[in-house]
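Novice: Heads up, the final residue of the sequence shown is numbered 1344 in my numbering, and it's a clean run with no missing numbers. Even for Gly, the Cβ is constructed at its ideal location relative to N, Cα and C.
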Amino acid sequence: MAENPRPKTPADLPAAEPTATRPADEWWRSAVIYQIYPRSFADGNGDGMGDMSGITERLDALAELGVDAVWLSPFYRSPQRDGGYDVADYCDVDPIFGTLGDFDRMRERAHGFGLKVIVDLVPNHTSSEHEWFQQALASPEGSPERARYIFRDGKGKNGDVPPNNWESVFGGAAWTRTVNADGTPGQWYLHLFDSSQPDLDWNNPEVHAEFVRILRFWLDRGVDGFRVDVAHGLVKADGLPDFEKPLTGGSMGGAGVPLTPEIEGAAEPELPSTPYWAQEGVHEIYREWRRVLDEYEGDRILVAEAWVDPLTKLADWVRPDEMHQAFNFVYLETPWEGPALRRVIRDSLDAFGGVGAPSTWVLSNHDVVRHASRLALTAENPQGAGIGPNSEGKPIPEVGIRRARAASLLMLALPGSAYVYQGEDLGLPEVIDLPDEARQDPTWYRTGGERYGRDGCRVPIPWEAAAPAYGFSHTGESWLPQPEEWAELARDVQTGTPGSTLELYRAALRLRREHGLGIGRLEELDGYPDDVVAVRIGDVTVIANTGETPIELPAGELLLSSEPVGEAALAPDTTIWLRLQD
């Protein structure tokens, strides 16, 4: 049995070179942040589930990659009905991931490498197994215990119709009816996600106080920030009015309509206001949290997962007294088309810059089809739907990886902060052919298999080609099956291999630091075809060809390219960084 190599310690690696491109007290303005999905990153105890000890052992690989911070998806106590986003105890580690002591050791080792540690926070809902919800179920209607959640009487003669017509993000109704102690039907409770994830009532001061306590618990433990799940949720419109969801809307909000060249310069689409997304009241919550973080040393940060469109509205989440960053999902959903990319880059820098915040850039995460597949889909695929064996418009693999490398190189050059999802630095595609019985996403079950959900982007990542479970677990166990073809994408195969996706990312992150791209000023360059994105950041010129024909390149020193460049021509689906001749 192949053994994992001895994990490096911080002392094994060269000290990070000081950089003048990022003020020490504002590290987040240009940071590259690596998302760890704990279930699928590394399994230290061999049970097939990733855990804290596995993360700790593998942090050296991220330090060598050159990222600035890690963000961990939830690891709290949870029945795991939604991969940990159903939290039963916000101030403890679930036993499947380890203990609080294991977390502390992970955080200490990360800090030893110079890596910041950001943890997930899930404030829109708890698990139905949370102590508060169990108290609510055991308490009468109108009780203080029930007032922490959104309980309502049903409509109709016997109250057997849900309070309104809202739909769950995961499919089906957003309401579930309780059963009283005597067996009679009771009130309904709201859950915008799974029925095991009841929504909290943020009109209740007790909810505010509890999350301030949770913030302080983790800040006192040394975390550097929080990624806030469903940050555009929490507050619901008064009266909980009915709502007809637009057919074009994404499941988590936003326009859900990709930008196309035909509408460049057009007004943002007008969609009806969703009564459970992006309500004005959320902003006072984050102002309260910002005041808490500002009490602590070290520039701790708040990052919003807010599916909000247009960008000018999303910028409200990162005003000076609110959050520090917000995920740029408009950019993530933009197709690989020159006009659309130019527009979203320009609009992002304008919108976020207008409130003094950095733009963020992201291409993949644990909720979307991996961009090595998504950029080569040949049919529409709404966020959250996933792809599987019976999906229409399956990706063309060779097109997907080529576009993914080009898109990544463009993203990593842009001013602001970039997010990298685990495995994208290996060029991992979406896993399409998962057996039905292996799937665990609640979307799959709540839609009766109509939507595949997100399991395909959550398959455990490969570390060593010849090891059991490709090095994810020394026993060969894996909570989701890994495809055989991942052996050739394993980290040890790509390490030191010229032209590999891993080495492309490593070189890009090194050059990004050396040339100060994260805090540079972007200038659009004229004179290129419409399907080419050409910009200059500092002394680096970035050219991305999204079209179908090669283009002539200007003379200059080639710094990096997503594909080999020959005869001074830039091939389709290729991005280069170069320093132009004076």
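#1: Along the chain, where does the beta strand (DSSP E) that runs through LEU952 open and close?
#2: If you reduce the DSSP assignment to three classes, tell me which class GLY845 lands in.
#3: PRO1072 to GLY1233, Cα distance in whole Å?
#4: Going by beta carbon distance, what residues of the same chain come within less than 6 Å of ARG1104, once the five residues before and after it are set aside?
#5: Taking only three categories from DSSP, how would you classify THR1311?
#6: Quick check: what's the CA-CA separation for VAL1054 versus VAL974?
#7: When the Cα of THR1308 is compared with those of ARG871, ALA1166, ALA1180 and ALA936, which residue comes out closest?
#8: Which full runs of the beta strand (DSSP E) of 3+ residues lie inside the stretch 801-883, going along the chain?
#9: In the DSSP assignment, what are the bridge partners of ARG939?
#10: Can you give the beta carbon distance from ASP805 to GLY812, rounded, assuming they're within the 8 Å contact cut?
#11: Using DSSP's beta-bridge definition, name the partner residues of GLY1318.
#12: Judging by CA-CA distance, which residue of ALA1231, TRP1339, GLY1116 and ALA935 is the nearest neighbour of PHE803?
#13: Kindly indicate which three-state DSSP category ILE1025 falls into: helix, strand or coil?
#14: List the DSSP bridge partners of LEU1336.
#15: Among LEU1315, SER1179 and TYR838, which one has its Cα closest to the Cα of PRO857?
#16: Alpha carbon to alpha carbon, how far is ILE880 from PHE865?
#17: Note down, in chain order, each residue of its chain lying with its Cβ closer than 8 Å to the Cβ of ILE976, except the 5 sequence neighbours on either side.
#18: Would you mind giving the Cβ-Cβ distance between ASP961 and VAL969, rounded to the nearest angstrom? I have them listed as a contact below 8 Å.
#19: Could you name each continuous alpha helix (DSSP H) segment of 4 residues or more that falls completely within the stretch 1242-1302, going from the start of the chain to the end?
#20: Within the continuous beta strand (DSSP E) that includes ARG989, where are the two ends?
#21: Using alpha carbons as the reference points, say which of GLU893, GLY845 and ALA1200 lies closest to GLU907.
#22: Roughly how many whole angstroms lie between the Cα atoms of HIS1086 and GLU1329?
#23: How is THR1096 classed by DSSP in three states: helix, strand or coil?
#24: Within this structure, are the beta carbons of TYR1207 and ALA1147 separated by less than 8 Å?
#25: Roughly how many angstroms separate the alpha carbons of VAL849 and THR888, rounded to a whole number?
#26: Spell out the partners DSSP gives GLU1142 in its beta bridges.
Specialist: If we stick to the structure as given:
#1: 947-952
#2: coil
#3: 42 Å
#4: VAL1295
#5: coil
#6: 8 Å
#7: ALA1166
#8: 831-834, 851-855 and 878-883
#9: TRP950
#10: 5 Å
#11: LEU1342
#12: ALA1231
#13: Unreliable placement is indicated for ILE1025, whose pLDDT of 41 sits below 50; the coordinate value is still reported in the next sentence. Three-state DSSP puts ILE1025 in a helix.
#14: The residue you asked about is not Leu; residue 1336 is Thr in the sequence shown. Beta-bridge pairing links THR1336 to ASN1307.
#15: TYR838
#16: 12 Å
#17: TYR852, CYS853 and LEU883
#18: Contact flag wrong, Cβ pair sits at about 11 Å.
#19: 1253-1256 and 1263-1276
#20: 987-990
#21: GLU893
#22: 44 Å
#23: coil
#24: no
#25: 5 Å
#26: Partner(s): none; GLU1142 has no beta bridge.
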